[in-house]
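Undergrad:
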Amino acid sequence: MRLPHFLRLVTGQLPEDNPFGIVAEFDNPGALMHAAEAVRKAGYRAFDVHSPFPIHGMDEAMGVRRTILPFLVLGGGLTGCVGALAMQIWMMAYDYPLVISGKPLMSIPAYIPVTFELTILLSGFAAVGSMLFLNFLPMLYHPLFKHEAFRKATDNAFFLSIEARDKQFDVEGTRSLLESIGGRNITLLEP
Amino acid sequence: MRPEAQVDYRLKGSHPQLVWRVLLALAIASLVLGLVFSFAGADDSEAWRQFKFSYVTSYACYLSLSLGALFFVLIQHSCNARWSVTVRRVSEAIMMNMGLMLVLLVPILFWLPDLYHWADAEHVAHDALLQQKAPYLNIPFFLIRMGLYFVIWIGLSTYLYNRSVRQDETGDYGLTQAMRRISPVGLILFSLSLTYFAFDLLMSLDAHWYSTIFGVYYFSGAFMGALAFMILICIWVCSTGALGRAINREHFHDLGKLMFGMVVFWAYIAFSQLLLIWMGNIPEETVWYMHRYTGTWKGFSWFLLIGHFILPFLYLLPRSVKRNQALLGIGALWMLAMHYLDMYYLAMPSFTHENVPFNIVDPALFIGMGCLFAAAVVWRLTRRHVVPIRDPYLAESLAFENF
């Protein structure tokens, strides 16, 4: 069975004979942004940038679509809201009817605090869980980590990597593209 | 990013001057119409009494916009906010309407015995509960308290506004520091005075009833209404082209987020008040909700729940709505109308709790006082820069972006 790409990546099951991709270093956030724009315009899709901090405008430069996270959070919130109401109505009015301080069995105001809390709770779970899932986290292995210079990516260096699975990818062509847009330290990554 | 050279952030030319004059004319026309209609009724004394209640409703609505704007300026200074510098002057212009609101308070002071049972000696004479409350609820002390609130509000507003406009000329960082020093103290004074003001003006209309959260309830609507009004004024200022891109969709997005937050906060507070009274089920407390749940008031209460919370919650939820001036403007206009209906819901059942006493006087006063209020804001904006041009954090606010 052929696993989806991200599962092969996180479980270390990438094909041994092909390179994973190619990585280049850039001087500063501005250069990285221009590089991302040039790479996108050259038709590449499977590429990523690595920087120690978020860069304004990078999403547009890379052509990244907006995340679907808000819809997943909305789903979580609605589940919490409907679930909490249904649970309380069923328990309080049907499963174990109990008159409390003379109120009707189905007293919606009394159910609101729990409904509110569960809406928030499941929204929060959905936000964190979906964020991890959409980012393929936790990821225990990534070929980039074998690259010695890449350690600076959390400190003071800016990288752009293009993966070999991209249709446009071709070792020589991609290398010369990265060179032409000012990339340094261009390195082929093993899987 | 530097302030754009070709824009000088002034509302120049005849257009803004015309706008505030037209608003003023509309205000006078509308207020006169309101007066005429209230005397055209068959029973003059009853119509006149309704006019007074309707006046208090509109007054509570517009004063809350100035209060919310004052609060906005205070929190921006308290937390050293930088994104909001370009919208701060608009908020300052709204909070400076406090003086106008003091003038508009004067008629209410003459109408006290008609509006409040506790101010009516005949009524108090056979009302044991109001006799017990007399040490707090009496006319002289009421006047003293009103004076104190306005000293605090006008004092804070003037202090902040004067320093802000002086900085336009001097660019002195010490002025920013002075505004930041006063703001936390101002917040404490503001929250105490606003709480007691809400008790005095609105809660004591039904003097037997009490709710300790009432001040927070009034505040939640006040801040939401102020944000809605700010959004509308910002849209107008942008449309004159005096700003370049100083207030752009990033700032609208944040104002929208705050307004959305306050929509939810209002519902949270309104429900908290309802839940405790519903649970406790004590007649002297539940009567307030009974008055708002009989006759057509029942439908009114439900409309408020849907129109003030559920619909705007869903409408303002998507990011794209908050980043679109036209859509956000529609939302702000709706919320302003809902804020008025919320004040209506607080005040008018004390006039009659049989049915909603909707009358042409209500929109006349709402629109009349609103045009007067807006005219004063526009007039004040034309006199100074629309953006604090030498604020040390202006550049950061101009370059502000949401992720």
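Going line by line, the protein sequences match chains A and B. Note that the numbering used here numbers the first sequence so that position 106 is 106, with each residue one more than the last. Note that the numbering used here numbers the second sequence so that position 126 is 1126, with each residue one more than the last. Here a beta-carbon is modelled for each residue, glycine too, at the ideal position from N, C-alpha and C.
Tell me whether A/Glu179 sits in a helix, a strand or coil according to DSSP, three-state version.
TA: Correct three-state label for A/Glu179: helix.
Undergrad: Secondary structure at B/Ile1360, three-state DSSP: helix, strand or coil?
TA: Of the three classes helix, strand and coil, the one that applies to B/Ile1360 here is coil, per DSSP.
Undergrad: So which residues on chain B does A/Ile112 lean against when the C-beta distance must stay under 8 angstroms?
TA: Correct list: Phe1271, Leu1275.
Undergrad: What are the partner residues of B/His1385, as DSSP defines its beta bridges?
TA: DSSP, once it has assigned bridges, lists B/Arg1010 as partnering B/His1385.
Undergrad: Are the CB atoms of B/Ala1027 and B/Cys1371 nearer to each other than 7 angstroms?
TA: Taking 7 angstroms as the Cβ cut-off, B/Ala1027 and B/Cys1371 qualify as a contacting pair.
Undergrad: Do the CB positions of A/Tyr44 and A/Asp170 come within less than 7 angstroms of each other?
TA: Contact flag unset, no.
Undergrad: Does the CB of A/Met106 have a neighbour CB from chain B at under 7 angstroms?
TA: So, not an interface residue.
Undergrad: What did DSSP end up calling A/Val49 once you bin it into helix, strand or coil?
TA: Here A/Val49 sits in strand by DSSP.
Undergrad: Would you say B/Trp1288 lies against chain A (beta-carbon separation less than 7 angstroms)?
TA: B/Trp1288 does not count as touching chain A.
Undergrad: Quick one: is A/Asp27 buried, meaning 16 or more other Cβ sit within 10 Å of its Cβ, or exposed?
TA: Exposed is the call here.
Undergrad: With DSSP run on the structure shown, which of helix, strand or coil describes A/Arg184?
TA: Correct three-state label for A/Arg184: strand.
Undergrad: How would you list, in chain order, the residues of chain B whose beta-carbon sits under 7 angstroms from the beta-carbon of A/Pro109?
TA: In chain order: Leu1274, Leu1275, Trp1278.
Undergrad: Quick check on B/Trp1288: buried or exposed, where buried means 16 or more other Cβ atoms within 10 Å of its Cβ?
TA: Classification of B/Trp1288: buried, given that the 10 Å Cβ count is 16 or more.
Undergrad: Less than 8 angstroms between the CB atoms is what I'm expecting for B/Ser1064 and B/Gly1221, so what's the real figure, rounded?
TA: Their Cβ separation, rounded to whole angstroms, is 6 angstroms, which keeps B/Ser1064 and B/Gly1221 in contact under 8 angstroms.
Undergrad: Take B/Pro1113 as the anchor and find which of B/Ala1270, B/Val1036, B/Ser1204 has the nearest alpha-carbon.
TA: Answer by Cα proximity: B/Ser1204.
Undergrad: To the nearest angstrom, how far is the alpha carbon of B/Arg1323 from that of B/Val1036?
TA: Whole-angstrom Cα-Cα distance: 43 angstroms.
Undergrad: In chain C, which residues lie less than 7 angstroms from A/Pro54 when you measure between Cβ atoms?
TA: Going by chain labels, chain C is absent from the structure shown, which instead holds the protein chains A and B.
Undergrad: Starting from the Cα of A/Val82, find the closest Cα among A/Met58, A/Ile108, A/Thr115 and give me that residue.
TA: Nearest C-alpha to A/Val82: A/Thr115.
Undergrad: Against B/Asn1359, what residues of chain A qualify as contacts under a CB-to-CB distance less than 9 angstroms, listed in chain order?
TA: Near B/Asn1359 there are no residues of chain A at all, since even the closest Cβ is about 32 angstroms away, more than 9 angstroms.
Undergrad: Run down chain B in chain order and give the residues with a C-beta less than 8 angstroms from the C-beta of A/Ser101.
TA: Correct list: Met1279, Asn1281.
Undergrad: Report the three-state DSSP secondary structure of B/Ser1091 (helix, strand or coil).
TA: Three-state result, B/Ser1091: helix.
Undergrad: The alpha helix (DSSP H) with A/Glu37 in it runs from where to where?
TA: Its alpha helix (DSSP H) spans residues 29-41.
Undergrad: Hey, could you find the ends of the beta strand (DSSP E) A/Ile162 is sitting in?
TA: 158-163 is the extent of the beta strand (DSSP E) around A/Ile162.
Undergrad: Got a sec? Which residues, its chain only, sit under 7 angstroms from A/Asp48 by beta carbon, not counting five neighbours each side?
TA: Hits under 7 angstroms: Ser161.
Undergrad: Could you please give the first and the last residue of the uninterrupted beta strand (DSSP E) stretch that includes A/Phe26?
TA: Segment 21-26, the beta strand (DSSP E) holding A/Phe26.
Undergrad: By DSSP's criteria, A/Leu189 is part of a beta bridge. Which residues make up the other side?
TA: DSSP, once it has assigned bridges, lists A/Gly21 as partnering A/Leu189.
Undergrad: Which residues bound the alpha helix (DSSP H) around B/Trp1302?
TA: Where B/Trp1302 is concerned, the enclosing alpha helix (DSSP H) stretches over 1296-1305.
Undergrad: Taking only three categories from DSSP, how would you classify B/Met1146?
TA: Of the three classes helix, strand and coil, the one that applies to B/Met1146 here is helix, per DSSP.
Undergrad: Using only CA atoms, which one of B/Phe1214, B/Val1264, B/Phe1142 lies nearest to B/Leu1274?
TA: Closest option to B/Leu1274, Cα to Cα, is B/Phe1214.
Undergrad: Using only the alpha-carbon positions, how far apart do B/Ser1164 and A/Thr79 sit?
TA: Their backbone Cα atoms lie some 48 angstroms apart in a straight line.
Undergrad: Rounded to the nearest angstrom, how far is the Cβ of A/Pro29 from that of A/Phe136, given a contact under 8 angstroms?
TA: About 24 angstroms; that fails the 8 angstroms criterion.
Undergrad: May I have the straight-line CA-CA distance separating B/Ala1399 from B/Leu1255, to the nearest angstrom?
TA: Near 16 angstroms, if we compare the C-alpha coordinates of B/Leu1255 and B/Ala1399.
Undergrad: In terms of residue numbering, what span does the alpha helix (DSSP H) encompassing A/Pro104 cover?
TA: Looking at the DSSP string, A/Pro104 is not in any alpha helix (DSSP H), and its letter there is neither H nor E.
Undergrad: Does B/Ala1207 come out as helix, strand or coil in the three-state DSSP assignment?
TA: Residue state, collapsed to three classes: coil.
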